[in-house]
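Reading through the structure tokens given below for one structure.
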Amino acid sequence: MTRADAADPAVVVETNPARMTDFVRTAQLAGRRVGFVPTMGALHAGHASLVAAATDACDDVVASIFVNPTQFAPDEDFDRYPRPLEADLALLGRLGVRRVFVPALDAVYPAGIDRRLTVAGPALPFEGAIRPGHFAGVATVVARLFEIVPADAAFFGAKDWQQTLVVKRLVHDLGLAIEVVVCPTVRETDGLALSSRNAYLAPAERARARALHDGLAAAAAAWAAGNPVATAEAALRRALEARAVACDYAAIVDPESLAPLAGGCGPAIALVAGRLGSTRLIDNMLLPARTTEQR
Ligand code: PAF
Numbered sequence: 037m038t039r040a041d042a043a044d045p046a047v048v049v050e051t052n053p054a055r056m057t058d059f060v061r062t063a064q065l066a067g068r069r070v071g072f073v074p075t076m077g078a079l080h081a082g083h084a085s086l087v088a089a090a091t092d093a094c095d096d097v098v099a100s101i102f103v104n105p106t107q108f109a110p111d112e113d114f115d116r117y118p119r120p121l122e123a124d125l126a127l128l129g130r131l132g133v134r135r136v137f138v139p140a141l142d143a144v145y146p147a148g149i150d151r152r153l154t155v156a157g158p159a160l161p162f163e164g165a166i167r168p169g170h171f172a173g174v175a176t177v178v179a180r181l182f183e184i185v186p187a188d189a190a191f192f193g194a195k196d197w198q199q200t201l202v203v204k205r206l207v208h209d210l211g212l213a214i215e216v217v218v219c220p221t222v223r224e225t226d227g228l229a230l231s232s233r234n235a236y237l238a239p240a241e242r243a244r245a246r247a248l249h250d251g252l253a254a255a256a257a258a259w260a261a262g263n264p265v266a267t268a269e270a271a272l273r274r275a276l277e278a279r280a281v282a283c284d285y286a287a288i289v290d291p292e293s294l295a296p297l298a299g300g301c302g303p304a305i306a307l308v309a310g311r312l313g314s315t316r317l318i319d320n321m322l323l324p325a326r327t328t329e330q331r
């Protein structure tokens, strides 16, 4: 256990899984509710909002920073994923986080033990289809992190909507006593959802990246005006085309199962994934239920 920053004595970095578990259990035995914010680092205001939500709901907040190799395919950005550890720890310290778990690879994946999980249901379409193995990697690491950090509640961003469904399903299927709290997406002024991967965008790509949110807003307007689902999806795709963003998917589906909408009334979620050069971005927007008269 090391102090990350002498100027900020509240930041305590923990690398040892057993000591991390002990910290959480000791707090809970003292009657304290512990909130957990798992991250891969490269923290931004979206992560800060998760810590703020955890601080509001819990007595102690802990976080983890671990760039999980098992959720990246061999051709993805694991090697170049940003790792500004000192800045991340300083931010978490300023936000009042009590412990930051920063494990080595073999602390998460001990040699000789195969903990890989398989996933189904909401893990299969969209990101699951385009990034085979991604959600199995997410589920495996989150299950292991929840084992090491047996918090009362864990906080995730709505930007990764499909991931939140996978984590909820994991908690249900493993019978874990941890509440999964989904917090609103934090956006730049032009609507771009905050993401650690935004740092990859060249200035011209950054300007075009607003297409994802513009498209979601267009889809939401078409939805609210009573248009068929296909019309609203087409409005989303058109916004990507208008700014030359390659579209991986643009779909309006059931927000819990991610299956096609039965009946067209919703509630629904619009999901989008687009590519700008070598950078892939995702975003989404919840669409409220509409009456049959609105359709
Ligand atoms: O959303 C993320 O940052 C990661 O997928 C998570 C949940 C920390 C698992 O590695």
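Counting from 1, position 224 in the sequence shown corresponds to residue 260 in my numbering; the numbering is continuous, with no gaps.
Built from N, CA and C at the ideal position, the CB exists for glycine as well.
> Distance, Cα to Cα, Ala54 vs Val308?
Replying inline: What you label residue 54 is simply residue 18 of the sequence shown in a count that begins at 1. What you label residue 308 is simply residue 272 of the sequence shown in a count that begins at 1. Cα to Cα, Ala54 sits roughly 40 Å from Val308.
>> What does DSSP give as the partner residue(s) for Pro404 in the beta ladder?
In response: As shown, the chain starts at 37 and ends at 331. That puts residue 404 outside it, with no answer to give.
>> Please state the DSSP three-state secondary structure of Thr267.
In response: The residue you call residue 267 lines up with position 231 of the sequence shown. Thr267 falls in the helix class under three-state DSSP.
>> Could you give the first and the last residue of the continuous alpha helix (DSSP H) run that contains Ala260?
In response: As a working mapping, residue 260 is identified with position 224 in the sequence shown. Taken as a continuous stretch (DSSP letters only), the alpha helix (DSSP H) holding Ala260 covers Ala247 to Ala260.
> Quick one: what's got a C-beta closer than 7 Å to Gly302's C-beta in the same chain, skipping five residues either side?
Replying inline: Locating residue 302 in the sequence shown gives position 266, where the first residue counts as 1. Excluding positions up to five away in sequence, the list reads Leu323, Pro324, Ala325 and Arg326.
> So Asp332 and Arg68 are in contact, right, with Cβ under 8 Å, and what is the actual spacing, rounded?
Replying inline: The first residue shown for the chain is 37 and the last is 331, placing residue 332 beyond what the model contains.
> Under three-state DSSP, which class holds Ser232?
Replying inline: Numbered from 1 along the sequence shown, position 196 holds the residue referred to as residue 232. It is helical.
>> Quick check: is any heavy atom of the ligand PAF less than 7 Å from the C-beta of Asn320?
In response: Start at 1 with the first residue of the sequence shown, and residue 320 comes out as number 284. Not so, every heavy atom of the ligand PAF lies at least 7 Å from the Cβ.
> Can you pull the DSSP bridge partners for Ser293?
Replying inline: Within the sequence shown, the letter at position 257 stands for residue 293. Looking at the DSSP assignment, Ser293 forms no beta bridge with any residue, so it has no partner.
>> What ranges does the beta strand (DSSP E) occupy inside the segment 165-193, keeping only unbroken runs of at least 3 residues that lie completely in it?
In response: 189-193
> So Thr315 is in the beta strand (DSSP E); what residue range does that whole segment cover?
Replying inline: Sequence index remark: in the sequence shown, residue 315 carries index 279 (1-based). Looking at the DSSP string, the run of the beta strand (DSSP E) that includes Thr315 is Thr315 to Leu323.
> Which residues in the same chain as Leu294 place their Cβ atom closer than 6 Å to its Cβ, once the five residues preceding and following it in sequence are excluded?
Replying inline: Counting from 1 along the sequence shown, the entry for residue 294 is found at position 258. Answer for Leu294: Pro158 and Pro161, listed in chain order.
> Hey, is the segment 264-275 in contact with the segment 135-150, meaning 3+ C-beta pairs nearer than 8 Å?
Replying inline: no
>> Shorter than 7 Å, the distance from the beta carbon of Asp124 to the closest heavy atom of the ligand PAF, or not?
In response: One-based indexing of the sequence shown puts residue 124 at position 88. Every heavy atom of the ligand PAF is 7 Å or more from the Cβ of Asp124, so no.
> With DSSP run on the structure shown, which of helix, strand or coil describes Ala40?
Replying inline: Here residue 40 is taken as the residue at index 4 of the sequence shown, counted from 1. For Ala40, the predicted structure reports a pLDDT of 46, less than 50, and the residue's modelled location is therefore unreliable. The matter cannot be settled from this model.
> At least one CB of chain C closer than 8 Å to the CB of Arg135: is that the case?
Replying inline: No chain C appears in this structure, which consists of one protein chain only.
> Helix, strand or coil: which one does DSSP assign to Phe102?
Replying inline: Sequence index remark: in the sequence shown, residue 102 carries index 66 (1-based). Reduced to three states, the DSSP call for Phe102 is coil.
>> Just to confirm, is the Cβ distance from Val98 to Arg134 under 8 Å?
In response: One-based indexing of the sequence shown puts residue 98 at position 62. One-based indexing of the sequence shown puts residue 134 at position 98. Cβ atoms of Val98 and Arg134: closer than 8 Å.
> For the putative contact between Gly227 and Asp209, defined by C-beta atoms under 8 Å, what is the C-beta separation to the nearest angstrom?
Replying inline: Translated into positions along the sequence shown, residue 227 becomes position 191. Translated into positions along the sequence shown, residue 209 becomes position 173. So it is not a contact: roughly 35 Å between Cβ atoms.
> Ala63 and Val73 look like a contact to me (Cβ under 8 Å); what is the Cβ gap, rounded to whole Å?
Replying inline: What you label residue 63 is simply residue 27 of the sequence shown in a count that begins at 1. What you label residue 73 is simply residue 37 of the sequence shown in a count that begins at 1. Not really, about 15 Å apart at Cβ, beyond 8 Å.
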